[in-house]
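J.: Structure in structure tokens, see below.
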Amino acid sequence: MATILAIETSCDETAVAIVKNRQVLSSIITSQISVHQEYGGVVPEVASRQHLETINQALAQAIESAQLDWGAIDGVAATCAPGLVGALLVGLTAAKTLAIVHQKPFIGVHHLEGHIYASYLSEPFLEPPFLCLLVSGGHTSLIYVKDCGVYEILGQTHDDAAGEAFDKVARLLGLGYPGGPAIDLLAAVGNPQAFPLPEGNISLPGGGYHPYDSSFSGLKTAVLRLVQKLQQRSGNQELPVCDIAASFQASVARSLTRRAIACALDYGLNTIAVGGGVAANSGLRKHLLAAASAHNLRVLFPPLKFCTDNAAMIGTAGADHLNRGHTSPLTLGVQSRLAITDVMQLYQDLRTTYSSS
Ligand SMILES: Nc1ncnc2c1ncn2[C@@H]1O[C@H](COP(=O)(O)OP(=O)(O)OP(=O)(O)O)[C@@H](O)[C@H]1O
Ligand SMILES: [Mg+2]
90 MATILAIETS
100 CDETAVAIVK
110 NRQVLSSIIT
120 SQISVHQEYG
130 GVVPEVASRQ
140 HLETINQALA
150 QAIESAQLDW
160 GAIDGVAATC
170 APGLVGALLV
180 GLTAAKTLAI
190 VHQKPFIGVH
200 HLEGHIYASY
210 LSEPFLEPPF
220 LCLLVSGGHT
230 SLIYVKDCGV
240 YEILGQTHDD
250 AAGEAFDKVA
260 RLLGLGYPGG
270 PAIDLLAAVG
280 NPQAFPLPEG
290 NISLPGGGYH
300 PYDSSFSGLK
310 TAVLRLVQKL
320 QQRSGNQELP
330 VCDIAASFQA
340 SVARSLTRRA
350 IACALDYGLN
360 TIAVGGGVAA
370 NSGLRKHLLA
380 AASAHNLRVL
390 FPPLKFCTDN
400 AAMIGTAGAD
410 HLNRGHTSPL
420 TLGVQSRLAI
430 TDVMQLYQDL
440 RTTYSSS
């Protein structure tokens, strides 16, 4: 039963949490969205500076709110890959420093493994094997979760990630950044059948479509063409933004649901755990739950606040690794890219820097 202090700074959230295995004792998430909004997306250098300004306060708040002292903490975890290098460095350096000062083991955590582990925060008794539908700002994958640190990618996007598609479509509808929550809100009052939009199938060389891989750039272009056509037709009249949002969201939900269900059935996995920011989407939640129940499959979504980036999911993954004796050397660096299948590289040096006893 490891109690972990965890730090997440891979993109635009400065987050610190303290978790006891799968129980969240405190979670502080300081979002930088308002700072990046004027640029329409995340500016890496601005993100790093913001993390530097916020990290100490977030650490103090997380420790105070958990009402623990350092004696009760078994290890310090931080996201080390993938993500923005400057942003990752802030969290990783803070975590290593705390590990050295307080003589605790240090655990580097893969950001996407964190998103997978977010489902344990809604279902602590979940155990592999299961299928993870990972749908975030930068990734859209179907991952066979075999064990802690042992993953196989069964399907992925060939271009834009689902969250990226939400952000791009929102921008072209003039809805600002981040786009997912704005589209979700408008879609709730729009007609999802108003406009037929493509589902982004990937053709196979011998004919037919790839059952699990997806594409979202064609869908984004189809929305652009639709907007242009409607603007030409209606002149100065307002666009039916709610209907466009609802039709777009329904297409994404259909595409993700179809692939996740097919994959779970083909691989005999009866649980689909969804992770990443798009797991918060109400259209996807509704669509996937309905389809899964028709096939007797279980679907798990993380609590809403743990869909997008947070440190509780990093701590939960870190705790599982520490419980298995996986610790990272203090020489571990940050990496902008690292495949989820290479997670165990972070623990290759299995000598604990400090004894955890
Ligand atoms: N309710 C929602 N509906 C659809 N998309 C959403 C919703 N809420 C957030 N998102 C999308 O989730 C994304 C952010 O999720 P997340 O924080 O997991 O991504 P990231 O950390 O930037 O990317 P990655 O985890 O791949 O590195 C954004 O693209 C955002 O638009
Ligand atoms: Mg993320």
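As numbered in the numbering used here, residues 90 to 446 make up the sequence shown, in order. Cβ coordinates follow ideal geometry from the N, Cα and C atoms, glycine included.
#1: Can you grab the Cα-Cα spacing for the pair V234 / G268, in whole Å?
#2: For T246, which beta-bridge partners are listed by DSSP?
#3: Ligand 1 and V198: does any heavy atom of the ligand fall closer than 8 Å to the residue's C-beta?
#4: For ligand 2, is there any heavy atom lying closer than 8 Å to the beta carbon of G366?
#5: Collect the residues with a C-beta less than 5 Å away from any heavy atom of ligand 2 and give them in sequence order along the chain.
#6: Is P281 a contact residue of ligand 1, with contact defined as CB to any heavy atom under 8 Å?
#7: Alpha carbon to alpha carbon, what distance is there between T405 and G265?
#8: Taking 8 Å as the cut-off, is the CB of I118 close to at least one heavy atom of ligand 1?
#9: Within the same chain, show all residues whose beta-carbon is closer than 7 Å to that of A400, passing over the 5 residues directly before and after it, in chain order.
#10: So, helix, strand or coil for S137, using DSSP?
#11: Any chance the CB of D431 is under 8 Å from a heavy atom of ligand 1?
#12: Under a three-way DSSP split, which group does Q150 fall into?
#13: Based on DSSP bridge pairs, tell me the residues matched to D236.
#14: Here's a check: name, in chain order, each residue in its chain whose Cβ is nearer than 6 Å to the Cβ of A207, leaving out the five neighbours to either side.
#15: Got a sec: does ligand 1 put a non-hydrogen atom nearer than 8 Å to the Cβ of G227?
#16: Starting from V278, follow the beta strand (DSSP E) in both directions and report where the run begins and ends.
#17: Is N145 buried or exposed, if buried means 16 or more other CB atoms sit within 10 Å of its CB?
#18: Near R260, what residues of its chain come up, given a Cβ to Cβ distance below 8 Å and the 5 sequence neighbours on each side ignored?
#19: With DSSP collapsed to three states, give me the class of S211.
#20: Based on the DSSP output, what are the partners of G129 in its beta bridges?
#21: If I'm right that R348 touches G279 with Cβ under 8 Å, what's the distance once you round it to whole angstroms?
#22: Which whole runs of the alpha helix (DSSP H) in the region 386-420 are 4 residues long or more, in chain order?
#23: Within the same chain, show all residues whose beta-carbon is closer than 6 Å to that of H140, passing over the 5 residues directly before and after it, in chain order.
#24: Take S371 and list the residues in its own chain whose beta-carbon comes closer than 6 Å to its own, dropping the five residues that flank it on each side.
#25: Sorted by chain position, which residues of the same chain lie with C-beta nearer than 6 Å to L187's C-beta, five sequence neighbours on each side aside?
#26: Would you kindly work out how many angstroms separate the C-alpha atoms of D256 and Q126, rounded to a whole number?
#27: Of the residues L421, A428, R426, S425, which one's Cα is nearest the Cα of Y436?
#28: Would you call A161 buried or exposed, if buried means 16 or more other Cβ atoms sit within 10 Å of its Cβ?
#29: Look at the alpha carbon of D224 and the alpha carbon of V108, and state the distance between them as a whole number of angstroms.
#30: For L393, I'd like the list of residues in its chain whose CB is within less than 8 Å of its CB, leaving aside the five on either flank, ordered along the chain.
#31: Is the region 376-386 touching the region 196-210 in the sense that three or more CB pairs, one from each, lie closer than 8 Å?
#32: Use the C-beta contact count for T149: other C-beta atoms within 10 angstroms, 16 or more gives buried, fewer gives exposed.
#33: Could you give the DSSP three-state label for L319: helix, strand or coil?
#34: Let's see if you can read the secondary structure: which residues bound the beta strand (DSSP E) around V363?
#35: Thinking C-alpha only, which one of E241, H299, G263, L231 is nearest A250?
#36: Have a look at L354 and P285 and give me their C-alpha separation to the nearest angstrom.
T.: Reading from the atomic positions:
#1: Against the sequence shown, residue 234 aligns to sequence position 145. Against the sequence shown, residue 268 aligns to sequence position 179. Rounded to the nearest whole angstrom, the C-alpha separation of V234 and G268 is 29 Å.
#2: The residue given as residue 246 occupies position 157 in the sequence shown. DSSP lists S303 as partners of T246.
#3: The residue given as residue 198 occupies position 109 in the sequence shown. The answer is no for V198.
#4: On the sequence shown, residue 366 is found 277 positions in, with the first residue counted as 1. Within the cutoff, so yes.
#5: Residues whose Cβ lies closer than 5 Å to any heavy atom of ligand 2, listed in chain order: S225, D398.
#6: Stepping through the sequence shown from its first residue, residue 281 is reached at position 192. P281: no, Cβ never under 8 Å from ligand 1.
#7: Here residue 265 refers to the residue found at position 176 of the sequence shown. Here residue 405 refers to the residue found at position 316 of the sequence shown. Distance from the CA of G265 to the CA of T405, rounded to the nearest whole angstrom, comes to 32 Å.
#8: On the sequence shown, position 29 is the one that residue 118 refers to. No, since every heavy atom of ligand 1 falls outside the 8 Å radius drawn around the Cβ of I118.
#9: As a working mapping, residue 400 is identified with position 311 in the sequence shown. Correct list, in chain order: A95, I96, E97, A104, V105, A106, S116.
#10: By one-based count along the sequence shown, residue 137 stands at place 48. If DSSP states are grouped into helix, strand and coil, S137 belongs with the helices.
#11: The count along the sequence shown starts at 1 and reaches residue 431 at position 342. In this structure, the C-beta of D431 stays at least 8 Å away from each heavy atom of ligand 1.
#12: Counting from 1 along the sequence shown, the entry for residue 150 is found at position 61. In the structure shown, Q150 sits in a helix (DSSP, three-state: H, G or I).
#13: As a position in the sequence shown, residue 236 is number 147, starting the count at 1. Assignment of beta-bridge partners to D236 by DSSP yields V239.
#14: Mapped onto the sequence shown, residue 207 falls at position 118. These residues qualify, in order along the chain: G364, P391, F395, M402.
#15: Numbered from 1 along the sequence shown, position 138 holds the residue referred to as residue 227. At least one heavy atom of ligand 1 lies less than 8 Å from the C-beta of G227.
#16: Against the sequence shown, residue 278 aligns to sequence position 189. Going by DSSP, V278 is part of no beta strand (DSSP E) at all; its letter is neither H nor E.
#17: Along the sequence shown, read from residue 1 onward, the residue named residue 145 stands at position 56. Per the 10 Å Cβ criterion, exposed.
#18: Within the sequence shown, residue 260 is the residue found at index 171, counting from 1. Result list for R260: G129, Y266, G268, in chain order.
#19: Here residue 211 refers to the residue found at position 122 when the sequence shown is read from its first residue. DSSP places S211 in coil when its eight states are reduced to three.
#20: If you number the sequence shown from 1, residue 129 lands on position 40. According to DSSP, which records beta bridges pairwise, G129 is partnered with nothing at all.
#21: Indexing the sequence shown from 1 puts residue 348 at position 259. Indexing the sequence shown from 1 puts residue 279 at position 190. Between G279 and R348 the Cβ distance is about 24 Å, and since that is not below 8 Å, they are no contact.
#22: Runs of the alpha helix (DSSP H) inside the region 386-420: 401-412.
#23: Translated into positions along the sequence shown, residue 140 becomes position 51. Within the same chain, and ignoring the five residues on either side of H140 in sequence, the residues whose Cβ sits closer than 6 Å to its Cβ are T98, T103, A176, V179.
#24: If you number the sequence shown from 1, residue 371 lands on position 282. Excluding residues within five positions, the ones whose Cβ falls inside 6 Å are D273.
#25: Taking the sequence shown and counting its residues from 1, the one referred to as residue 187 is at position 98. Short of 6 Å from the beta carbon of L187, and not among the five residues preceding or following it, lie these beta carbons of its own chain, in chain order: V165.
#26: Position 167 of the sequence shown, counting from 1, holds the residue named residue 256. Position 37 of the sequence shown, counting from 1, holds the residue named residue 126. Taking the straight line from one Cα to the other gives about 12 Å.
#27: Working through the sequence shown from its first residue, we reach residue 436 at position 347. That would be L421, whose Cα lies nearest to the Cα of Y436.
#28: Residue 161 sits at position 72 when you count from the first residue of the sequence shown. Answer is exposed; the Cβ neighbour count stays below 16.
#29: Here residue 224 is taken as the residue at index 135 of the sequence shown, counted from 1. Here residue 108 is taken as the residue at index 19 of the sequence shown, counted from 1. Residue 224 is actually Val in this sequence, not Asp. The straight-line gap from Cα to Cα measures roughly 24 Å.
#30: Reading the sequence shown from its first residue, position 304 is the one you call residue 393. Cβ neighbours of L393 beyond the five flanking positions: A369.
#31: Note that the region 196-210 does not touch the region 376-386; fewer than 3 beta-carbon pairs, one per stretch, sit closer than 8 Å.
#32: Within the sequence shown, numbered from 1, the residue matching residue 149 stands at position 60. A small correction: the amino acid at residue 149 is Ala; Thr does not occupy that position in the sequence shown. Counting the other CB atoms within 10 Å of its CB gives A149 a total below 16, which places it among the exposed residues.
#33: By one-based count along the sequence shown, residue 319 stands at place 230. Of the three classes helix, strand and coil, the one that applies to L319 here is helix, per DSSP.
#34: By 1-based counting over the sequence shown, the position of residue 363 is 274. Bounds of the beta strand (DSSP E) holding V363 are 360-364.
#35: Position 161 of the sequence shown, counted from the first residue, corresponds to residue 250. Ranking E241, H299, G263, L231 by Cα distance to A250 puts L231 first.
#36: Looking up residue 354 in the sequence shown gives position 265. Looking up residue 285 in the sequence shown gives position 196. The C-alpha of L354 lies about 27 Å from the C-alpha of P285.
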